[in-house]
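Colleague: Handing you a structure now.
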Amino acid sequence: MNNSRLKLNLGPQHPSTHGVLRLVLDLNGEKITACEPDVGYLHRGMEKMAEKLSYIQYLPLVDRIDYLAGFFYSELFCRSIENALEIELSNRIKAIRVMLLELNRIASHLLWIGAFLMDLGAVSPFFYAFRERELILQYFEKISGQRMMNNYFVFGGLRHDIFDLDDVEEILRILPEKIIDYENIITENPIFIQRTAQKGILEASDAINYGITGVNLRTSGFNFDLRKTDKLYDGYEFDTVVLENKDSWGRYKARVLEIKESIKIVAQAVANIKTNTIYEATKIKPVNLTIPEGEYCSEIEAPRGLASCFIISDGNKAPYRLKWRTGSYYAVNLLRKLLVGTYINDAIAIAGSLDIILPEVDK
Amino acid sequence: MLKNIKYTFLSLFTVFKHLFIKSVTLEYPEKKSNLPENFRGKAVVDGCVKCYTCLKVCPANAIIFKDEQIEIDMKKCIFCGNCAYYCPKKAIRMSHEYELATDNKHDLKLLYDVSNEVKENV
Amino acid sequence: MKANLYDIQNIISNCVLQDDKIVLKSDLHNTIGLIKKNYGFDMLKEIIAIDHQKDGIELMYRLYSTENEEDLVISYTLSTSNEAESVTDIFSSAIADEREIYDLFGVNFLNHEDLKRLYMSENWQGNPLRKDYEQNN
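Residue numbers (numbering that gives the first Met the number 0), protein chains in the order written: chain S, 0 to 362; chain B, 0 to 121; chain R, 0 to 136.
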């Protein structure tokens, strides 16, 4: 920390939805010379709690690790248990899971677009994004009972079958027109381009060294998407969005293109659900469930990067050790390097473009 | 220069057309939204046989059995629906009540008899 | 080049193979540097710490090679002194992982640039994720 004149606190509260992140900046005039992130304001002890609760008691709490992408973590936990007990899912259940996961990805990216633009000062896109996200959340409430912490996946299947797909087809009809609206007012906006182009440049080799995955890595020109090797997504046709821009504008453009790809996957999943009509309820009795001794690991491509769940079991009702790996944890660490040498009014734009959400960081 | 003029007109048109679109605001509390059938609100008990399954699956340990009564502590409940889903007699169900704010904290401990009657907040 | 686990066992003299993971007995820092340079494992996905009570604390490093698309797990059990060499000069993603393990398990990493608590406050006593931690507040 040499050559600094002022220590500034980009405090735990700020008017955007990153969460409670505190950055301690060393400033020389208006340039940042060092940055240190301080996390831990939302630490809830998820990993220690898992050693004391049984598997079925822990399942509703898993949604809360990243509340914007709750279905992904629910799927990870269920997948580890299903691998341990060697259960195969039927085609209808797999298609329903894919449809819900991709709808959740669209909702998460829409909220990011709104929050990122609000960071830069434009308040209107926030309301437009929430208007579209509301359609998706109302559909989630119809099938599972709650808008966000759904608790809909169980070990070996779902809680109950879904009965109508009319709402999903309406969402698929409305969304593409609205995305054209966003692109009209945001993508070519001269002020937006001045604030985000060529800022926060991230090279692919640096990103891999820091453990960054997901959209942040794909915008640096590196093709790495776990959905292509995931058994759940077998048979779905979609393109991986890889851009060469490396800056914040590129990360915005990549997420808009990912929403369009996810719309394609949801349409294919709806067609799969209509062809596979046999529904099999789960055969696992979850009360007093135990899994065989051993180590089980499962991974998935969450909206913010690679996420994984590692369970070590010793044959009891609760796991011996459970560890979560999330994407935003390593993005916060990357801010130590990415913000050095930039001006302070670019700091929030760069930090916002990495899509950091704090509950994932402080598990 | 021409590109900027074209962009200005396009974005102004996109924003101003919202003057003529119907607004999506729901004026709560004059109008309430239509709740779906499996909405998870306050828990209600009727016909419990004391098998203790709900106690074993609750993540927040909000259910206690005292004498001949079952007590659900709504300060701890996270409205996950595990108790209703795993009850073998379907005695617990999640009702559609969600306006639960009160100024007396003893209202939040719900007591139900294990027979077929309902009695609240002793 | 693609990593053959038996090849690695022959080249590095201080390890054994145990159901698909490499168990090291000593010399953690140099071995990981060697594996990164020769076999192309360029991403450290995570570091997991497990408290085995009487048998000591075990650290598991999950490496991934983006070129050959394969995973490798390296395991290292600490002695009772609870000290280990830091790998932050090989993989920068270990800066945050090692701080978390120092905070929650009490493992001291040598040559780490900035070792201090991550989640708990600075004056917290004890290491919460150990099995013998007692909560007394």
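Glycine is no exception: its CB is placed at the ideal position from the N, C-alpha and C atoms. The structure displayed is predicted, hence computed values, not measured ones.
(1) What are the partner residues of S:Cys-34, as DSSP defines its beta bridges?
(2) Taking S:Glu-300 as the reference, which of S:Cys-308, S:Gly-293 and S:Glu-294 has the closest Cα?
(3) So which residues of chain R does S:Asp-361 contact, with C-beta pairs closer than 8 Å?
(4) Starting from S:Phe-309, trace the beta strand (DSSP E) both ways and give me its first and last residue.
(5) Which class does S:Ser-297 belong to by DSSP, given the choice of helix, strand or coil?
(6) If I'm right that R:Tyr-101 touches R:Asn-110 with Cβ under 8 Å, what's the distance once you round it to whole angstroms?
(7) So R:Thr-65 packs on S:Phe-223, CB below 8 Å; how close in whole Å?
(8) Excluding the five sequence neighbours on either side, which residues of its own chain have a C-beta within less than 6 Å of the C-beta of R:Ile-94, listed in chain order?
(9) Using a beta-carbon distance below 9 Å, is R:Met-0 in contact with chain S?
(10) Is the Cβ-Cβ distance between S:Asn-208 and R:Met-119 less than 9 Å?
(11) Closer than 7 Å, Cβ to Cβ, to anything on chain S: give me those residues from the segment 27-61 of chain R, in chain order.
(12) With three or more beta-carbon pairs closer than 8 Å as the criterion, would you say the segment 325-338 of chain S touches the segment 286-306 of chain S?
(13) 9 Å is my cut-off, CB to CB: does S:Lys-141 come that close to chain B?
(14) Counting contacts by CB-CB distance shorter than 9 Å, is B:Val-48 in contact with chain S?
(15) Candidates S:Tyr-151, S:Lys-336 and S:Lys-230: which alpha carbon is nearest S:Glu-35's?
(16) Just to confirm before moving on: does the CB-CB distance between S:Tyr-54 and S:Ile-80 stay below 9 Å?
(17) Determine the burial state of B:Phe-15: buried for a count of at least 16 other Cβ atoms within 10 Å of its Cβ, exposed for fewer.
(18) Using only the alpha-carbon positions, how far apart do B:Cys-76 and S:Glu-101 sit?
(19) Name the chain B residues that come within less than 9 Å of S:Asn-183, Cβ to Cβ?
(20) Does the beta-carbon of R:Asn-37 have 16 or more other beta-carbons within 10 angstroms, so that it is buried, or is it exposed?
(21) Closest to S:Val-38 by CA distance: which of S:Thr-276, S:Val-19, S:Tyr-319 and S:Glu-50 is it?
(22) Please report the distance separating the alpha-carbon of S:Leu-385 from that of S:Arg-172.
(23) If you drop the 5 nearest sequence neighbours on each side, which residues of the same chain put their C-beta closer than 7 Å to that of R:Met-0?
(24) Can you look up R:Trp-123 in the DSSP assignment and give me helix, strand or coil?
(25) Where does the unbroken beta strand (DSSP E) through R:Met-59 begin, and where does it stop?
(26) Does S:Asn-90 get closer than 9 Å to chain R when you measure Cβ to Cβ?
(27) Whole angstroms is fine: what's the gap from R:Tyr-132's alpha carbon to S:Ile-347's?
(28) Using a Cβ-Cβ distance under 9 Å, would B:Asn-120 count as near chain S?
(29) To test your reading of the DSSP string, which unbroken alpha helix (DSSP H) runs of 4 or more residues are found completely within the segment 164-209 of chain S?
(30) Under three-state DSSP, which class holds S:Asn-244?
(31) Roughly how many angstroms lie between the CA atoms of S:Cys-77 and S:Phe-154, to the nearest whole one?
(32) Interface residues of chain S around R:Ala-83 at Cβ under 8 Å?
(33) Helix, strand or coil for S:Phe-71? Go by DSSP, reduced to three states.
(34) Tell me, please, whether the CB atom of S:Arg-324 is closer than 9 Å to any CB atom in chain R?
(35) Give the residues of chain R in contact with S:Phe-223, contact being defined as C-beta atoms less than 7 Å apart.
(36) Distance, Cα to Cα, B:Asn-60 vs B:Cys-53?
Modeller: Checking against the coordinates, here is how it stands:
(1) Residue mapping note: residue 34 of chain S aligns to position 35 of the first sequence, counting from 1. Beta-bridge pairing links S:Cys-34 to S:Leu-24.
(2) Residue 300 of chain S sits at position 301 when you count from the first residue of the first sequence. It is S:Cys-308.
(3) Reading the first sequence from its first residue, position 362 is the one you call residue 361 of chain S. Within chain R, the residues Tyr-118 have their CB atoms less than 8 Å from the CB of S:Asp-361, given in chain order.
(4) Taking the first residue of the first sequence as 1, we reach residue 309 of chain S at position 310. Counting along the chain, the beta strand (DSSP E) containing S:Phe-309 begins and ends at 304-312.
(5) As a first step, residue 297 of chain S is located in the first sequence; it is residue number 298 there, counting from the start. Strand, per DSSP.
(6) Your numbering for residue 101 of chain R matches position 102 in the third sequence. Your numbering for residue 110 of chain R matches position 111 in the third sequence. R:Tyr-101 to R:Asn-110, Cβ: 13 Å. No contact.
(7) Reading the third sequence from its first residue, position 66 is the one you call residue 65 of chain R. Reading the first sequence from its first residue, position 224 is the one you call residue 223 of chain S. With a Cβ gap of about 6 Å, R:Thr-65 and S:Phe-223 count as contacting.
(8) As a first step, residue 94 of chain R is located in the third sequence; it is residue number 95 there, counting from the start. Excluding positions up to five away in sequence, the list reads Thr-87.
(9) The residue given as residue 0 of chain R occupies position 1 in the third sequence. Low confidence applies to R:Met-0: its pLDDT is 47, below 50, so where it sits in the model is not reliable, and the reading given next is rough at best. So no, R:Met-0 is outside the interface.
(10) Position 209 of the first sequence, counted from the start, is the residue given in the question as residue 208 of chain S. Position 120 of the third sequence, counted from the start, is the residue given in the question as residue 119 of chain R. Taking 9 Å as the Cβ cut-off, S:Asn-208 and R:Met-119 do not qualify as a contacting pair.
(11) Cβ contacts with chain S: Asp-41, Met-42, Leu-43, Lys-44, Glu-45, Ile-47 and Ile-49.
(12) Contact check between the segment 325-338 of chain S and the segment 286-306 of chain S: three or more CB pairs, one atom from each, fall below 8 Å, which counts as touching.
(13) Stepping through the first sequence from its first residue, residue 141 of chain S is reached at position 142. Yes, its Cβ sits closer than 9 Å to a Cβ of chain B.
(14) For the purposes of this step, residue 48 of chain B is taken as residue 49 along the second sequence, with counting starting at 1. No, its Cβ sits nowhere closer than 9 Å to a Cβ of chain S.
(15) Taking the first sequence and counting its residues from 1, one reaches residue 35 of chain S at position 36. Taking S:Glu-35 as reference, the option from S:Tyr-151, S:Lys-336 and S:Lys-230 with the minimal CA-CA separation is S:Lys-336.
(16) Residue mapping note: residue 54 of chain S aligns to position 55 of the first sequence, counting from 1. Residue mapping note: residue 80 of chain S aligns to position 81 of the first sequence, counting from 1. For S:Tyr-54 and S:Ile-80, yes; Cβs fall inside 9 Å.
(17) Counted from its first residue, the second sequence places residue 15 of chain B at position 16. Its Cβ having fewer than 16 others within 10 Å, B:Phe-15 is exposed.
(18) As a working note, residue 76 of chain B is residue 77 in the second sequence. As a working note, residue 101 of chain S is residue 102 in the first sequence. Whole-angstrom Cα-Cα distance: 30 Å.
(19) As a first step, residue 183 of chain S is located in the first sequence; it is residue number 184 there, counting from the start. The contacting residues are Tyr-6, Leu-9, Ser-10, Phe-12 and Thr-13.
(20) Counting from 1 along the third sequence, the entry for residue 37 of chain R is found at position 38. R:Asn-37 should be labelled exposed.
(21) In the first sequence, the residue the question calls residue 38 of chain S occupies position 39. That would be S:Val-19, whose Cα lies nearest to the Cα of S:Val-38.
(22) Past the boundaries of the shown model lies residue 385 of chain S; chain S is included only from 0 to 362, so the question cannot be answered.
(23) Here the question's residue 0 of chain R lines up with position 1 in the third sequence. Unreliable positioning characterises R:Met-0 in this predicted model, as indicated by a pLDDT of 47, which lies under 50. The coordinate reading is nonetheless provided below. Within the same chain, R:Met-0 has close Cβ partners Tyr-38.
(24) Working through the third sequence from its first residue, we reach residue 123 of chain R at position 124. In this structure, R:Trp-123 counts as coil in the three-state DSSP scheme.
(25) Indexing the third sequence from 1 puts residue 59 of chain R at position 60. Segment 56-64, the beta strand (DSSP E) holding R:Met-59.
(26) Here the question's residue 90 of chain S lines up with position 91 in the first sequence. Cβ-Cβ to chain R under 9 Å: no for S:Asn-90.
(27) Taking the first residue of the third sequence as position 1, residue 132 of chain R is located at position 133. Taking the first residue of the first sequence as position 1, residue 347 of chain S is located at position 348. For R:Tyr-132 and S:Ile-347, the distance between alpha carbons rounds to 39 Å.
(28) Translated into positions along the second sequence, residue 120 of chain B becomes position 121. Its pLDDT being 39, under 50, B:Asn-120 is placed unreliably by the model, and nothing is read from it.
(29) Unbroken alpha helix (DSSP H) stretches of 4 residues or longer found wholly inside the segment 164-209 of chain S: 165-181, 189-195 and 203-208, given in chain order.
(30) As a position in the first sequence, residue 244 of chain S is number 245, starting the count at 1. Reduced to three states, the DSSP call for S:Asn-244 is coil.
(31) Reading the first sequence from its first residue, position 78 is the one you call residue 77 of chain S. Reading the first sequence from its first residue, position 155 is the one you call residue 154 of chain S. Looking at the two C-alpha atoms, the distance is approximately 5 Å.
(32) Translated into positions along the third sequence, residue 83 of chain R becomes position 84. The premise fails here: R:Ala-83 is roughly 17 Å from chain S at the closest Cβ pair, so nothing lies under 8 Å.
(33) Working through the first sequence from its first residue, we reach residue 71 of chain S at position 72. Note: S:Phe-71 maps to helix in three-state DSSP.
(34) Within the first sequence, numbered from 1, the residue matching residue 324 of chain S stands at position 325. Chain R contact via Cβ: present.
(35) Start at 1 with the first residue of the first sequence, and residue 223 of chain S comes out as number 224. Close to S:Phe-223, with beta-carbon spacing below 7 Å, are these residues of chain R in chain order: Thr-65.
(36) To locate residue 60 of chain B, count along the second sequence from 1; it is residue 61. To locate residue 53 of chain B, count along the second sequence from 1; it is residue 54. Just so you know, the alpha carbons of B:Asn-60 and B:Cys-53 end up roughly 9 Å apart.
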